[in-house]
Amino acid sequence: MQTELIRIDRTRMDREVMERAGALLRGGSLVAFPTETVYGLGANALDEEAAKKIYAAKGRPSDNPLIVHIAELEALEGIAAQIPKEAWMLAEAFWPGPLTMIFHKKDRVPWGTTGGLATVAVRMPSDEIAGELIRQGGGYIAAPSANVSGRPSPTTAEHVYEDMKGRIPLILDGGPVPIGLESTIVDLTEDCPVILRPGYITLSMIQEVIRETKVDRGLIQEDSFIRPKAPGMKYRHYAPRAQLTIVEGEAGPVIAYINEQARGTGKVGIICTEETKDCYPLGDVKCIGSRQDERSIASHLFQVLREFDGDDVDRIYSESFDTPGLGQAIMNRLLKAAGHHKIHV
Ligand code: AMP
Ligand code: MG
Numbered sequence: 085m086q087t088e089l090i091r092i093d094r095t096r097m098d099r100e101v102m103e104r105a106g107a108l109l110r111g112g113s114l115v116a117f118p119t120e121t122v123y124g125l126g127a128n129a130l131d132e133e134a135a136k137k138i139y140a141a142k143g144r145p146s147d148n149p150l151i152v153h154i155a156e157l158e159a160l161e162g163i164a165a166q167i168p169k170e171a172w173m174l175a176e177a178f179w180p181g182p183l184t185m186i187f188h189k190k191d192r193v194p195w196g197t198t199g200g201l202a203t204v205a206v207r208m209p210s211d212e213i214a215g216e217l218i219r220q221g222g223g224y225i226a227a228p229s230a231n232v233s234g235r236p237s238p239t240t241a242e243h244v245y246e247d248m249k250g251r252i253p254l255i256l257d258g259g260p261v262p263i264g265l266e267s268t269i270v271d272l273t274e275d276c277p278v279i280l281r282p283g284y285i286t287l288s289m290i291q292e293v294i295r296e297t298k299v300d301r302g303l304i305q306e307d308s309f310i311r312p313k314a315p316g317m318k319y320r321h322y323a324p325r326a327q328l329t330i331v332e333g334e335a336g337p338v339i340a341y342i343n344e345q346a347r348g349t350g351k352v353g354i355i356c357t358e359e360t361k362d363c364y365p366l367g368d369v370k371c372i373g374s375r376q377d378e379r380s381i382a383s384h385l386f387q388v389l390r391e392f393d394g395d396d397v398d399r400i401y402s403e404s405f406d407t408p409g410l411g412q413a414i415m416n417r418l419l420k421a422a423g424h425h426k427i428h429v
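Counting in my numbering, the sequence shown runs without a single skipped number right up to 429 at its last residue.
Structure, rendered in structure tokens:
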């Protein structure tokens, strides 16, 4: 299959291209597109056969459900049942935006879209290209991240092309995404709302809108016997080919430890920040952003992990980024990429 990559200008979207992309989705094909979080791999969420193509293209385990993307608030009641008042409050505060909510599903949502679950995850993205594509594609677009399962999520159209070339007909290129981490997921099917995946919208931002919110125990505890409620959170994910180790501790000992590793044999990759990048004389040093601007760290994380594959490094060491707001979301992804391999110095 030929994969077309078409650049889209957000301020003057090419109508012919957007209509063609919508027609592909309505016809049961896959189209990749930008959102404010990461690039998504879209299919008509109400068409079970189309949804199955997503699993095949990504090599995604079939029990890992898809998030359904909508473009209008009115569309929510078309697929979700028993919507609690907290959901409307969160939608008012954060939609369109990087928040996914989980509801009981209506019958028209196929089991193939929800990985066999009786619940459905829904998000309204704020990216204009995503919004227009969802409208053109019929209003309900299932769209996981557009990477091969297990690889870092794509934050540019080129990343999508690397992973999906020959597997899908069309990629809409909207340039690099602004956030770079997947959406926060909140489950609204229990008595108390529960965060199943940390993201750009933090626990305290949610608590400002609806008072009571918890965080899934499977996320906080490093106990493999406690299963995270979001099926996707149990898989190894985002992993570069080389083993990644996270080095925690005060800056001085962390830098000393990583430099000691870089002096050893093999090609060593290093993930650091603006503040520390000049402290590493050896190794393949990548600056992920500044500790003064945690958004810069979030938005470069997946790109940096992908670059190490191209550089053919043997081992990678990363500083830890427990920043105040996005730290939980950043470290959740970094720990998964490292297969929870971390040391404290
Ligand atoms: P992705 O779209 O690749 O970022 O992955 C979607 C994430 O949402 C995965 O971690 C899924 O397990 C999770 N998810 C989707 N639908 C549900 C649901 N109904 N219940 C719990 N988690 C869900
Ligand atoms: Mg994903």
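Note that beta-carbon positions come from the ideal geometry of N, C-alpha and C, so glycine has one too. Here the structure is a predicted model, which is why all the values come from computation and not from measurement.
Output needed for residue i: all residues of its chain with C-beta closer than 6 Å, excluding positions within five of it in sequence on either side, in chain order.
{"i": "tyrosine 401", "result": "Thr329, Val331, Ile342, Gln345 and Ile354"}
{"i": "asparagine 231", "result": "Ser237, Pro238 and Asp247"}
{"i": "arginine 144", "result": "Ser233"}
{"i": "histidine 428", "result": "Glu332 and Gly333"}
{"i": "alanine 205", "result": "Ile151, Thr184 and Ile186"}
{"i": "threonine 407", "result": "Glu378"}
{"i": "isoleucine 218", "result": "His153, Ala155 and Ile225"}
{"i": "proline 337", "result": "Val429"}
{"i": "isoleucine 290", "result": "Thr297"}
{"i": "histidine 425", "result": "Thr329"}
{"i": "isoleucine 327", "result": "Note on identity: in this sequence residue 327 is glutamine, with isoleucine being the wrong assignment. Excluding positions up to five away in sequence, the list reads Arg399."}
{"i": "phenylalanine 178", "result": "Ile285"}
Please return the same chain residues whose Cβ sits closer than 8 Å to the Cβ of residue i, not counting the five positions on each side in sequence.
{"i": "threonine 87", "result": "Tyr245, Met248, Lys249, Gly250, Arg251, Ile252, Pro253, Leu254 and Ile255"}
{"i": "glycine 411", "result": "Glu378 and Phe405"}
{"i": "serine 374", "result": "Thr357, Glu358, Glu359, Ser380 and Ile381"}
{"i": "arginine 192", "result": "Leu130, Gly162 and Ile163"}
{"i": "lysine 189", "result": "Ile163, Ala164, Ala165, Thr198, Leu201, Ala202, Thr203 and Val204"}
{"i": "serine 229", "result": "Val122, Tyr123, Gly124, Leu125, Ser237, Pro238 and Glu266"}
{"i": "arginine 347", "result": "Leu366"}
I'd like to know whether the C-beta atoms of residue i and residue j end up nearer to each other than 8 Å.
{"i": "leucine 114", "j": "glycine 126", "result": "yes"}
{"i": "threonine 119", "j": "threonine 184", "result": "no"}
{"i": "leucine 280", "j": "aspartate 257", "result": "no"}
{"i": "aspartate 147", "j": "glycine 199", "result": "yes"}
{"i": "leucine 287", "j": "threonine 273", "result": "no"}
{"i": "arginine 325", "j": "glutamate 212", "result": "no"}
{"i": "isoleucine 294", "j": "methionine 97", "result": "no"}
{"i": "histidine 483", "j": "arginine 390", "result": "Outside the shown range of the chain (85 to 429) lies residue 483, about which nothing can therefore be said."}
{"i": "leucine 265", "j": "arginine 417", "result": "yes"}
{"i": "valine 388", "j": "aspartate 368", "result": "no"}
{"i": "glycine 223", "j": "alanine 155", "result": "yes"}
{"i": "proline 149", "j": "proline 315", "result": "yes"}
{"i": "alanine 323", "j": "glycine 423", "result": "yes"}
{"i": "isoleucine 135", "j": "glycine 196", "result": "In the sequence under discussion, the amino acid at residue 135 is alanine, which differs from the isoleucine named in the question. Yes, Cβ-Cβ distance for alanine 135 and glycine 196 is below 8 Å."}
{"i": "alanine 413", "j": "proline 282", "result": "yes"}
{"i": "proline 209", "j": "threonine 240", "result": "no"}
Decide if residue i is buried, meaning its Cβ has at least 16 other Cβ atoms within 10 Å, or exposed.
{"i": "methionine 102", "result": "buried"}
{"i": "glutamine 166", "result": "exposed"}
{"i": "aspartate 271", "result": "buried"}
{"i": "arginine 207", "result": "buried"}
{"i": "methionine 415", "result": "buried"}
{"i": "glutamate 292", "result": "exposed"}
{"i": "glutamate 100", "result": "exposed"}
{"i": "arginine 235", "result": "buried"}
{"i": "glutamine 220", "result": "buried"}
{"i": "lysine 169", "result": "exposed"}
{"i": "leucine 157", "result": "exposed"}
{"i": "threonine 349", "result": "exposed"}
{"i": "alanine 141", "result": "buried"}
{"i": "glutamate 216", "result": "buried"}
{"i": "glutamate 176", "result": "exposed"}
The alpha helix (DSSP H) that contains residue i, what's its start and end?
{"i": "phenylalanine 178", "result": "169-178"}
{"i": "glycine 336", "result": "335-346"}
{"i": "methionine 415", "result": "411-421"}
{"i": "leucine 150", "result": "Looking at the DSSP string, leucine 150 is not in any alpha helix (DSSP H), and its letter there is neither H nor E."}
{"i": "glutamate 332", "result": "Element bounds for glutamate 332: not the alpha helix (DSSP H) but the beta strand (DSSP E), 327-332."}
{"i": "arginine 379", "result": "378-395"}
{"i": "arginine 99", "result": "99-110"}
Residue range of the beta strand (DSSP E) that residue i falls in?
{"i": "lysine 370", "result": "368-371"}
{"i": "glutamate 403", "result": "399-403"}
{"i": "histidine 243", "result": "From DSSP, histidine 243 is part of no beta strand (DSSP E) but of the alpha helix (DSSP H) over 241-248."}
{"i": "lysine 426", "result": "426-428"}
{"i": "isoleucine 269", "result": "268-271"}
{"i": "glycine 124", "result": "124-128"}
For residue i, I'd like the list of residues in its chain whose CB is within less than 7 Å of its CB, leaving aside the five on either flank, ordered along the chain.
{"i": "isoleucine 263", "result": "Glu120, Thr121, Pro182, Tyr284, Ala382 and Ser383"}
{"i": "tyrosine 139", "result": "Ser146"}
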